[in-house]
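Numbering (this note's numbering), first residue to last: 40 to 267.
Written below as structure tokens is the structure these notes are about.
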Amino acid sequence: MADEISHPHSRALALVWAAWLRQFRREVTSTEEMAQAAIRLCSEHGYPLWRAMGAIMHGWALSESGQKPEECIAQMRQGLADLRATGAGLWQPCFLALIAEACDKANRIDEGLAVLDQALGIVQERAERFYEAELHRLRGELLLRCNPANVSACETCFRTAIAIARNQQARSLELRAATSLARLWVERGERRNAQDLLTGICGWFTEGFNTLDLREARALLSELGGPT
Numbered sequence: 040m041a042d043e044i045s046h047p048h049s050r051a052l053a054l055v056w057a058a059w060l061r062q063f064r065r066e067v068t069s070t071e072e073m074a075q076a077a078i079r080l081c082s083e084h085g086y087p088l089w090r091a092m093g094a095i096m097h098g099w100a101l102s103e104s105g106q107k108p109e110e111c112i113a114q115m116r117q118g119l120a121d122l123r124a125t126g127a128g129l130w131q132p133c134f135l136a137l138i139a140e141a142c143d144k145a146n147r148i149d150e151g152l153a154v155l156d157q158a159l160g161i162v163q164e165r166a167e168r169f170y171e172a173e174l175h176r177l178r179g180e181l182l183l184r185c186n187p188a189n190v191s192a193c194e195t196c197f198r199t200a201i202a203i204a205r206n207q208q209a210r211s212l213e214l215r216a217a218t219s220l221a222r223l224w225v226e227r228g229e230r231r232n233a234q235d236l237l238t239g240i241c242g243w244f245t246e247g248f249n250t251l252d253l254r255e256a257r258a259l260l261s262e263l264g265g266p267t
């Protein structure tokens, strides 16, 4: 529709939100394409907020596709700085989560944990909680990467993420956290607990079976002998 009415700002907005949707679905190639198109259009017409958001998601996509991690993180941090320069206060916890993911890819675990601490601080300060569950899940994943023996702290993070997501009825974020916890339990030999956890959450979904999160959860459940 934005293309049909030839309205650049509407098109920029559509591209940014399309990129964000694809990022949430972990569709790396289409995220990169949409974000790059948004950056070009916003640079041409002078839309700094949408350009900043596009730059962050573009950096995430490049990181996921194996590009130079230092450059990806630098691009994302600059995008966040540009977003803040517009006076925008929303969405920062989510974008900080993407930076933490890039830090994980770059094996900069301490930096990633510091970024997540910053994001969780913003959540508490501003009560912007829509991505809170994912922040705790990512913290658990990074703690596990930092010290595989620190199982108890990681499990606490995953359980916290599940509880928050359930309270918010955020099923997709619950699925991610449940998959992380199930993997941890499998490594610990608690296969039945992992199977029961995934059976419950996977059984809730009636669509989205082609999404990466659900495919990964169902694949793990199949390995455990559960229904898919």
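Built from N, CA and C at the ideal position, the CB exists for glycine as well.
Checklist line | Inter-residue CB distance, Leu152 and Phe134 (contact presumed, cutoff 8 Å) | finding: Taking the first residue of the sequence shown as position 1, residue 152 is located at position 113. Taking the first residue of the sequence shown as position 1, residue 134 is located at position 95. The pair is not a contact, with the Cβ atoms about 17 Å apart (cut-off 8 Å).
Next item on the list: Pull up the distance between the alpha-carbon of Pro132 and that of Ala192, whole angstroms please.
Entry: Within the sequence shown, numbered from 1, the residue matching residue 132 stands at position 93. Within the sequence shown, numbered from 1, the residue matching residue 192 stands at position 153. Rounded to the nearest angstrom, the two C-alpha atoms are 21 Å apart.
Check: Is Glu270 buried or exposed, if buried means 16 or more other CB atoms sit within 10 Å of its CB?
Finding: No information on residue 270 is available, as it lies outside the stretch 40 to 267 that the chain covers here.
Notebook entry, point to check: Are at least three pairs of beta-carbons, each pair with one atom in the stretch 195-206 and one in the stretch 52-62, less than 8 Å apart?
Noted result: The stretch 195-206 makes no contact with the stretch 52-62, as fewer than three CB pairs between them are under 8 Å.
Notebook entry, point to check: Mind checking Glu103: buried by the 16 CB within 10 Å criterion, or exposed?
Noted result: Reading the sequence shown from its first residue, position 64 is the one you call residue 103. It is buried - the Cβ of Glu103 has at least 16 other Cβ atoms within 10 Å.
Check: With burial defined as no fewer than 16 other Cβ atoms inside 10 Å of the residue's Cβ, what is the status of Trp99: buried or exposed?
Finding: On the sequence shown, residue 99 is found 60 positions in, with the first residue counted as 1. By the 10 Å Cβ count, Trp99 comes out buried.
Checklist line | CA-to-CA distance, Glu171 to Gln163, given in whole angstroms | finding: As a first step, residue 163 must be located in the sequence shown, where it is residue number 124. As a first step, residue 171 must be located in the sequence shown, where it is residue number 132. So the alpha carbons of these two residues sit roughly 10 Å apart.
Next item on the list: Run the CB neighbour count on Val173, radius 10 Å, all protein chains shown included, and call it buried at 16 or more, exposed below.
Entry: In the sequence shown, residue 173 corresponds to position 134, counting from 1. Looking at the sequence provided, one finds Glu at residue 173 rather than Val. Its Cβ being crowded by 16 or more others within 10 Å, Glu173 is buried.
Notebook entry, point to check: Just the Cα atoms here: how many angstroms apart are Trp59 and Gln234?
Noted result: Locating residue 59 in the sequence shown gives position 20, where the first residue counts as 1. Locating residue 234 in the sequence shown gives position 195, where the first residue counts as 1. The C-alpha of Trp59 lies about 31 Å from the C-alpha of Gln234.
Check: In three-state DSSP terms, what is His268?
Finding: In the structure displayed, the chain extends from 40 to 267; residue 268 sits before or after that span and is not available.
Notebook entry, point to check: Who are the near neighbours of Glu194 in its chain, counting only those whose CB is closer than 8 Å to its CB and skipping five residues on each side?
Noted result: As a first step, residue 194 is located in the sequence shown; it is residue number 155 there, counting from the start. Only Gly179, Leu220 and Leu223 meet the Cβ criterion.
Margin query: Would Gly93 and Gln117 be called neighbours here (beta carbons separated by less than 9 Å)?
Written below: For the purposes of this step, residue 93 is taken as the residue at position 54 of the sequence shown. For the purposes of this step, residue 117 is taken as the residue at position 78 of the sequence shown. At the C-beta level, Gly93 and Gln117 stay beyond 9 Å of one another.
Check: What's the C-alpha gap between Arg257 and Gly265?
Finding: Position 218 of the sequence shown, counting from 1, holds the residue named residue 257. Position 226 of the sequence shown, counting from 1, holds the residue named residue 265. Spanning the two alpha carbons is a distance of roughly 9 Å.
Notebook entry, point to check: Apart from the five residues on each side of it in sequence, which residues of its chain come closer than 6 Å, Cβ to Cβ, to His175?
Noted result: One-based indexing of the sequence shown puts residue 175 at position 136. Correct list, in chain order: Cys196, Thr199 and Ala200.
Margin query: Could you compute how far the alpha carbon of Ala113 sits from the alpha carbon of Leu137?
Written below: Within the sequence shown, the letter at position 74 stands for residue 113. Within the sequence shown, the letter at position 98 stands for residue 137. In a straight line, the C-alpha of Ala113 is about 12 Å away from that of Leu137.
Next item on the list: Please report how far the alpha carbon of Leu183 lies from the alpha carbon of Val190, in whole angstroms.
Entry: Locating residue 183 in the sequence shown gives position 144, counting from the first residue. Locating residue 190 in the sequence shown gives position 151, counting from the first residue. Those two C-alpha atoms are separated by around 7 Å.
Margin query: Please list the terminal residues of the continuous alpha helix (DSSP H) segment that includes Gln117.
Written below: Translated into the one-based positions of the sequence shown, residue 117 becomes position 78. Counting along the chain, the alpha helix (DSSP H) containing Gln117 begins and ends at Pro108 to Ala124.
Check: In terms of residues, what are the limits of the alpha helix (DSSP H) holding Phe169?
Finding: Reading the sequence shown from its first residue, position 130 is the one you call residue 169. Note, Phe169: premise wrong, no alpha helix (DSSP H); not H, not E.
Check: Which residue comes first and which comes last in the alpha helix (DSSP H) that contains Ser102?
Finding: Working through the sequence shown from its first residue, we reach residue 102 at position 63. Element bounds for Ser102: Pro87 to Glu103.
Notebook entry, point to check: Per DSSP, what kind of secondary structure is Trp59 in: helix, strand or coil?
Noted result: For the purposes of this step, residue 59 is taken as residue 20 along the sequence shown, with counting starting at 1. DSSP places Trp59 in helix when its eight states are reduced to three.
Check: By a C-beta neighbour count over all protein chains shown, 10 Å radius and 16 as the cutoff for buried, is Thr68 buried or exposed?
Finding: The residue labelled residue 68 in the question sits at position 29 within the sequence shown. So Thr68 ends up on the exposed side.
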